[in-house]
Each structure stands twice: as C-alpha cells, then as structure tokens.
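Quick note: the first sequence uses numbering that gives the first Met the number 0, first residue 0, plus one each step. Ideal placement from N, C-alpha and C gives every residue a C-beta, glycine not left out.
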Amino acid sequence: MLKVATRFAPSPTGPLHIGGVRTALFNWLYSKNQKGNFYLRIEDTDKERSKDEYKNQIIKSLKWIGINYDGEEYIQSTKIEDHIKVANQLLKNGYAYKCYCSNEEIEEQKKRARQKKIPYIYDRKWRDKKEADAPKDIRPVIRFKSKIDGTTILKDMVQGNVEIDNNTIEDFIILRNDGTPTYNLSASVDDHQMNMTHVIRGDDHKINTFKQIQIYEAMKWKLPAFAHIPLIHTIEGKKLSKRDKASTLDDYSKIGIMPDALRNYLLRLGWSYKDKEIFTLDESINFFNMEGIGKSPSKLDMSRILSMNEHYIKNIDENDLFIQLTEYCKLYKSEIKSDKKEKIKKSLTFLKNKAKTLEDIFNNGLYIIRDEVNFNKDDVKLIDEKARNVISDFNSQFEKIDIPSREILESIVNGLIKSHSTNFKGIGQPLRIALTGSKFGPGIYDIILSLGKEEVQKRLSAKIT
RNA sequence: GGUCCCUUCGUCUAUCGGUUAGGACACAUGGUUUUCAUCCAUGAAAGAGGGGUUCGAUUCCCCUAGGGACCGCCA
0 MLKVATRFAP SPTGPLHIGG VRTALFNWLY SKNQKGNFYL RIEDTDKERS KDEYKNQIIK
60 SLKWIGINYD GEEYIQSTKI EDHIKVANQL LKNGYAYKCY CSNEEIEEQK KRARQKKIPY
120 IYDRKWRDKK EADAPKDIRP VIRFKSKIDG TTILKDMVQG NVEIDNNTIE DFIILRNDGT
180 PTYNLSASVD DHQMNMTHVI RGDDHKINTF KQIQIYEAMK WKLPAFAHIP LIHTIEGKKL
240 SKRDKASTLD DYSKIGIMPD ALRNYLLRLG WSYKDKEIFT LDESINFFNM EGIGKSPSKL
300 DMSRILSMNE HYIKNIDEND LFIQLTEYCK LYKSEIKSDK KEKIKKSLTF LKNKAKTLED
360 IFNNGLYIIR DEVNFNKDDV KLIDEKARNV ISDFNSQFEK IDIPSREILE SIVNGLIKSH
420 STNFKGIGQP LRIALTGSKF GPGIYDIILS LGKEEVQKRL SAKIT
C-alpha cells in the first residue's frame with residue numbers, strides 16, 4: 000500500500016479564511032489518521048494577485064491552529080517549466096491543440112451565448128483545423144482536447160459516484176498565449192509529481208476534477224482518490240468568501256478564541272463521530288474518517304464557537320490557560336506587568352469562571368491589571384453616605400489583619416451585616432465597587448484576596464476620604 | 001439559463017427499514033448563589049411536499065419545491 004499523501008493548496012491571493020482552514024484540517028487529519036504525510040502547496044501562479052504577505056498569513060494561520068505540514072512549502076511557481084513540458088507532451092500526443100481565436104472572437108461567442116441564454120462553451124473551432132490556416136498575428140493558446148462522447152464517473156469518497164456527460168466539459172485552456180500554464184494543468188501535474196494519494200478539497204472544485212481526470216488519463220498517470228467536502232456557508236447561506244467579516248483566524252484569535260477550541264469546532268462542522276462533541280487533538284486524529292463527513296453545507300455559528308471556547312477555558316490545564324492568556328494580552332491588549340501576572344495566575348480559577356473568551360478573562364481581571372480603578376459611572380453612584388460608612392468600618396477592621404483569609408474576611412463581613420442592620424449585599428456591593436469600579440464581578444472575598452492587603456487598603460481609603 | 005450537489009429541532013448533528021426520532025449549542029422556566037456568571041434540573045423545538053417499493057419508511061426509488069456550487073487566458 001502506498002503511503003497516504005494529502006495536501007492543502009491555497010492561492011496566496013487573499014487572507015486564508017476559516018473554510019480553507021477546515022479543508023486544511025480535514026486533509027491533515029486524514030493523512031495523520033492514515034499515518035501518511037500532509038503537504039502545503041502555495042499556488043502562486045497568478046503573478047498579479049499573489050502576495051508574500053498572504054503566503055505568510057497562510058503559514059502563520061496553519062501554525063496557530065496546530066496544523067503542521069511535512070517538509071517545506073511546495074511553491075507552485077517554481078515548477079512552471081514542468082507544467083509547460085506536460086502541455087507540450089499533450090500537444091505532441093494529440094491530446095491538446097493550438098487555438099488561434101482572438102479575444103474578440105471569444106468575447107463575441109460569450110455575448111451571443113448570454114443573449115440566447117444558453118451556456119457558453121468554446122466551440123472547439125481549432126480542434127481540427129490545420130496549423131497552416133493559422134493567422135500570423137495571433138499567439139495561440141493551447142487547449143486540452145476534451146472528450147466529446149460518453150460520460151465520466153467521479154468516484155468521490157464523500158459524494159459517491161458523480162456522473163456527467165463529457166460534452167459539458169469544454170476544451171479548456173492549459174497554456175495561455177503568454178506560454179504560462181493554467182490552474183487545471185498545474186494542479187494536475189503538481190499532484191502527480193507530489194505523489195498525492197488523496198485530494199480532499201472544497202465542493203467548488205468538483206468541475207475541475209473532471210478536467211483534471213482527463214489530463215491524468217491522457218498522461219497515463221495513476222489517479223488519486225478524490226473527496227469533495229461541502230462548503231461552509233455564512234449565516235445567510237452563501238459560500239464563505241474573503242470579504243465576509245470574521246472569517247480569518249485572526250478575527251477569532253483577536254477576540255480570544257483559542258486554537259484548540261476553534262480546531263474542535265471546525266472538526267465538528269460537517270463531520271461527526273457518533274454523539275461525541277469534544278475531541279482532543281489525539282482523538283481527532285484517531286477518529287477522523289471520510290465516512291463521518293456530511294454531504295450538505297453547514298453554516299458558521301458564532302455562539303457555538305464561543306461555547307466551545309468556553310468549554311476549553313474551563314477544562315484545560317490552568318498553567319496552559321495562563322500562558323495562552325498572557326500571550327493573548329501581549330498580542331492584542333497590553334503586556335501584563337510581572338507583579339500583576341502572579342496575581343492573575345492565582346485568580347484564574349474564578350476569573351475564568353465567567354469567561355467565554357480570553358478577552359473576557361482579561362476584562363474580568365482588569366481590576367487587578369490596572370493600577371487605577373476604572374469606575375463605572377452608574378455603579379459609582381451607589382456609593383452614598385451609608386456605603387462610605389460600611390467601607391470605612393470594614394477598612395478599620397481590615398487594617399488589623401496580618402494575613403487576610405477567607406475565614407477572617409467572612410467574620411468581618413458578618414459582623415458588619417449585624418452592626419449595620421443590613422444584608423450581604425449591603426456590605427458586599429460597596430466594597431466591590433470601591434475595589435473594582437463595578438457592581439459586577441467576582442465574589443468579594445476573591446477580589447480582596449486577589450488584590451492583596453496593601454492594594455485593598457489603598458483602594459478603600461481612596462473611596463472614603 | 002446549463003451541469004452537478006444538497007434538504008432531520010433556530011444552528012451543528014445521531015439514526016446505516018421497526019426508536020416515545022437521540023445529543024450538543026442557542027432559547028425559556030425553576031433551583032443554588034452576596035452581584036454578574038457558573039452549576040443543576042426541567043421545558044419548548046425537526047424528518048420540505050407528493051408519489052411509489054415494503055408488513056413497515058426519516059432511512060430505498062421517482063417527481064416537485066427550496067437552497068447551494070460551478071459555468072475565467074483566477075486558483
């Protein structure tokens with residue numbers, strides 16, 4: 000049995016979006032499940048639109064979510080000579096021909112097709128014409144001599160057998176009139192030269208597959224297995240595009256979605272394994288299979304991503320969470336000062352409890368991170384004369400404590416509840432606002448213990464003087 | 001318009017001819033709770049429509065409807 004090889008082949012003409020990431024993920028998981036290799040091929044033959052910036056973003060994105068490709072990136076533009084060679088071979092063997100139609104001629108045909116409301120398909124004018132009839136002033140393109148009769152069946156690992164009439168495939172161009180190869184040629188040659196055993200790609204490539212199969216057959220190459228996975232749709236039900244908001248990984252990482260959570264979400268989008276929802280990295284490799292891939296497109300659901308992230312926040316190792324949090328703050332907020340870092344780390348247990356994202360944890364911990372309390376305008380109004388007395392009484396008892404503990408704090412608060420003839424809220428709320436600036440937040444004992452004695456006194460004093 | 005694909009709760013999905021159609025997210029209600037959350041419990045919520053095949057169809061076949069993809073000298 001040949002060693003399984005898959006690839007992800009994006010073109011660096013725009014930022015990689017989440018649909019592409021899922022395609023990469025499926026390819027990667029399949030190859031790893033089969034103990035095979037996974038490669039990254041950058042299809043940068045569109046010189047006009049390809050940019051290094053996008054190539055780097057693609058590589059960075061894959062790395063971020065934990066998809067490692069084997070070997071170096073395969074840069075398609077460095078293989079153009081090979082593609083041209085194959086085109087010439089096809090020409091020599093009678094599987095391709097030179098087409099001398101002018102741009103105007105083609106445009107005219109397309110226009111007419113549109114008017115008649117019939118699908119445009121190149122009329123194969125030069126398929127059987129003699130070279131001698133060629134106009135001198137036109138540089139020809141090379142077209143593939145597509146099959147006219149019969150049907151072709153694509154045995155798709157996801158979609159089953161898909162059959163089309165060969166005459167619906169036109170004589171597509173394989174070499175432009177500037178001598179450069181087009182996508183279907185390049186992709187076929189590369190897949191063959193890279194020894195791909197499985198081509199897993201978006202549904203939108205299905206028609207291309209029929210063209211590529213013909214190239215393979217003409218070259219007498221062994222066909223890889225194909226799997227066309229359904230596309231991810233926007234909430235409106237359309238194909239996800241680069242223009243859609245929140246579609247690049249950066250859009251997710253900047254709001255504090257963690258790579259493992261997004262990986263897990265993407266895995267379950269269009270793929271399932273019984274009722275299982277949560278997959279560790281190892282589990283996703285072990286359980287991944289083609290049978291689990293659904294046939295219908297699925298919609299992106301932000302609340303699902305958020306809840307998946309929440310699950311990871313609450314369940315991963317706290318040291319790991321802390322590392323991810325500090326990295327996140329450094330990247331998107333501001334680097335947490337080292338003395339605050341310790342406090343945050345100790346407080347993670349309760350800070351994370353009310354968080355769906357790393358950004359939420361950051362916000363929950365802001366009262367620790369910031370030196371100055373940032374008061375909520377409405378909440379601070381709740382600190383009236385009565386509240387000031389509470390704070391003042393608490394502070395004078397708090398001063399006497401050497402090392403604050405939950406038990407001691409509890410007894411102080413309980414005492415105050417009695418002496419002020421109030422309830423817990425009557426004590427807790429003023430303290431919380433004085434210490435954090437808001438009436439919402441972690442439990443009051445957690446707040447006090449996380450800030451430390453000195454800081455608590457400083458903040459309380461500021462509110463009673 | 002042509003070709004191809006798809007169709008189970010709002011969303012992601014389970015079911016591989018016989019189930020009270022299950023789970024998860026979201027939602028609603030109740031409970032726990034010092035606030036906000038968490039957590040727990042409960043609830044509402046689905047087989048697009050019509051024909052077949054079959055003792056029996058969500059499941060197999062056909063038609064209709066709806067949705068999607070593709071239709072570049074882009075990839």
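Here DSSP, grouped into helix, strand and coil, assigns H82 to helix. R48 counts as exposed, since fewer than 16 other beta carbons sit within 10 angstroms of its beta carbon.
Around the Cβ of I426, a 10 Å sphere holds 16 or more other Cβ atoms; the residue is buried.
The beta carbons of Y327 and L357 sit closer together than 8 angstroms. No Cβ-Cβ contact shorter than 8 angstroms links D202 with L222. DSSP places G18 inside the alpha helix (DSSP H), whose first and last residues are 17-32. Per the C-alpha coordinates, the member of E309, G436, R200 positioned closest to G255 is E309.
If you draw a straight line from the Cα of D189 to the Cα of Q75, it comes to about 8 angstroms.
In the displayed model, W270 falls within a strand according to three-state DSSP. Closest in alpha carbon position to E406, among L448, I416, G436, is L448. Non-local beta-carbon contacts of A386 in its own chain, meaning distances under 6 angstroms to residues more than five positions away in sequence, involve P429 in chain order. DSSP places N194 outside both helix and strand once states are collapsed to three, so it counts as coil.
Only residues of its own chain outside the window of five on either side were considered, and among them E169 have a CB closer than 6 angstroms to the CB of I120, listed in chain order.
DSSP, read as helix, strand or coil, puts N160 in strand. In the DSSP secondary-structure assignment, K298 is bridged to H232. Apart from sequence neighbours up to five positions away, the residues of its chain that approach L347 with a beta-carbon distance below 8 angstroms are E317, L320, F321, L324, I360, ordered along the chain. If you keep only unbroken beta strand (DSSP E) runs of at least 3 residues inside the stretch 35-88, you get 36-41.
Collapsing the DSSP output to three states places C328 in a helix. Taking the CA atoms as reference points, I234 sits about 40 angstroms from E216. In this model, K91 and S283 are separated by some 47 angstroms (Cα to Cα).
T167: not part of any alpha helix (DSSP H); DSSP gives it neither H nor E.
For H16 and E130, the gap between their C-alpha atoms comes out near 46 angstroms. No Cβ-Cβ contact shorter than 8 angstroms links R262 with L39. Under the three-state reduction of DSSP output, H310 falls in the helix class. The beta carbons of T247 and P14 sit closer together than 8 angstroms. As computed with DSSP, P180 is found in a beta bridge with L174. The C-alpha of K97 is placed about 11 angstroms away from the C-alpha of R123. In this structure, I446 sits away from K438, with a CB-CB distance that is not shorter than 8 angstroms.
In this structure L266 is buried. Its beta-carbon is surrounded by 16 or more other beta-carbon atoms within 10 angstroms.
Sorting I64, M257, Q192, S418 by C-alpha distance to the C-alpha of N388 places S418 at the top. The straight-line gap separating the alpha-carbon atoms of I172 and P139 is approximately 10 angstroms. Rounded to the nearest whole angstrom, the C-alpha separation of K339 and R458 is 16 angstroms.
Y366 has its alpha-carbon roughly 50 angstroms from the corresponding atom of H227.
DSSP, read as helix, strand or coil, puts T150 in strand. Not a single unbroken stretch of the beta strand (DSSP E) spanning 3 or more residues falls wholly within the stretch 386-459.
Only residues of its own chain outside the window of five on either side were considered, and among them G291, I292 have a CB closer than 6 angstroms to the CB of W270, listed in chain order.
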